[in-house]
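Here the structure comes first, spelled out in structure tokens, and everything after it is commentary.
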Amino acid sequence: MRKRIAAGNWKMNKTIPEAVALCNDIINLLRDNPPLKEEHHVVVAPPFTALTKVAELIEPYSYMSLAAQNCYSKPKGAFTGEVSAEMLISAGCTYVILGHSERRDYFIENDDFLYEKVCMALENKLTPIFCCGELLSHRSADAHYTVVLSQLKNTLFRLNETDFSKVVIAYEPVWAIGTGVTATPEQAQDMHCFIRKSIGSAYNNEIGSNTSILYGGSCNAKNAAELFSKPDVDGGLIGGASLIASDFVSIIHSL
Ligand code: PGA
4 MRKRIAAGNW
14 KMNKTIPEAV
24 ALCNDIINLL
34 RDNPPLKEEH
44 HVVVAPPFTA
54 LTKVAELIEP
64 YSYMSLAAQN
74 CYSKPKGAFT
84 GEVSAEMLIS
94 AGCTYVILGH
104 SERRDYFIEN
114 DDFLYEKVCM
124 ALENKLTPIF
134 CCGELLSHRS
144 ADAHYTVVLS
154 QLKNTLFRLN
164 ETDFSKVVIA
174 YEPVWAIGTG
184 VTATPEQAQD
194 MHCFIRKSIG
204 SAYNNEIGSN
214 TSILYGGSCN
224 AKNAAELFSK
234 PDVDGGLIGG
244 ASLIASDFVS
254 IIHSL
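Residue numbers (our numbering): 4 to 258.
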């Protein structure tokens, strides 16, 4: 049974005390009403500075895990300002978000570089939450399937079966991120189904059906249940709405 995941990407928000307060609010709301099923899982991705504090807070809750929002492609050395996968493990992370469109766009991270980062994460036993997704111009030109497939072929599909089986995919149409415009549940389902079939062709159907594929892009407490009700949507990567504890917990309960 594949995992169903609500992952909160806090992006560049929250000082350490603010992150502790948000995490405590989430924990308190979940304590009274924890995720119902064993396959339901909560991931929080605070900024680097708050990782160790948040790790301590979530430690007692087996359904909660810690993610970093990025890591570097090299193991260690003279790379001022970068953070390694090994450092993230030592801070308590088990997941790392890679390939987010903000990284691709603002920090010019291309597919080859992202492939190196994915390999480094896996070598260190961090689970990548790997983002893919098209621009509005791609969708308008009916090129969205081609674009997403090429992102996957140039990165995750270069992994062997064993390594690929460890990754989580997040489909995030760039036009939906932080815009308030959500993909319709049908648009999300169509793309998730396409991604799952593509995994089937690249590897096999069993790996396809075991891969968790999350939706991201203006997913919120109001639309999560309908998005997550689609057969190939296994949860969400949540930005803005994950910064409001009650909204995030309501999204978790929509899994
Ligand atoms: P959003 O961000 O939910 O604020 O649209 C999603 C993401 O960037 O992962």
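Idealized CB from N, CA, C, for every residue including glycine. Since we're looking at a predicted model, the values are computed, not measured.
Check                                                                                                       : Outcome
Distance cut-off 8 angstroms: cysteine 134 Cβ against heavy atoms of the ligand MG                          : Ligands in the displayed structure: the ligand PGA; the ligand MG is not one of them.
C-beta atoms of isoleucine 180 and alanine 9 nearer than 9 angstroms                                        : no
Per DSSP, the bridge partner or partners of arginine 7                                                      : His43
Residue range of the unbroken alpha helix (DSSP H) whose run includes alanine 71                            : Note, alanine 71: premise wrong, no alpha helix (DSSP H); beta strand (DSSP E) at 67-71.
Leucine 240 CB to nearest heavy atom of the ligand PGA below 8 angstroms                                    : yes
Asparagine 73 versus lysine 79 - alpha carbon distance                                                      : 15 angstroms
Selection from Ser93, His43 and Val99 that minimises the alpha carbon distance to tryptophan 13             : Val99
Three-way DSSP call (helix, strand, coil) for phenylalanine 116 in this model                               : helix
Asparagine 12 beta carbon near the ligand PGA (any heavy atom closer than 8 angstroms)                      : yes
Cutoff 6 angstroms; reference histidine 43; Cβ partners in own chain excluding five residues on either side : Arg7 and Leu258
Under 9 angstroms between C-beta atoms of serine 232 and proline 188                                        : yes
Helix, strand or coil at cysteine 222 [DSSP, three-state]                                                   : coil
Residue nearest to valine 86 in terms of C-alpha spacing, selected from Ala124, Ser104, Ala58 and Asp108    : Ala124
Straight-line Cα distance separating valine 252 from leucine 259                                            : Beyond the ends of the chain as shown, which are 4 and 258, falls residue 259; an answer cannot be given.
CB contact flag (phenylalanine 82, glycine 102, <9 angstroms)                                               : no
When Glu126, Ser140, Pro38 and Lys200 are compared against serine 65, the one with the closest alpha-carbon : Pro38
Local conformation of threonine 55 per DSSP, three classes                                                  : helix
Asparagine 27 versus alanine 205 - alpha carbon distance                                                    : 42 angstroms
Local conformation of phenylalanine 133 per DSSP, three classes                                             : strand
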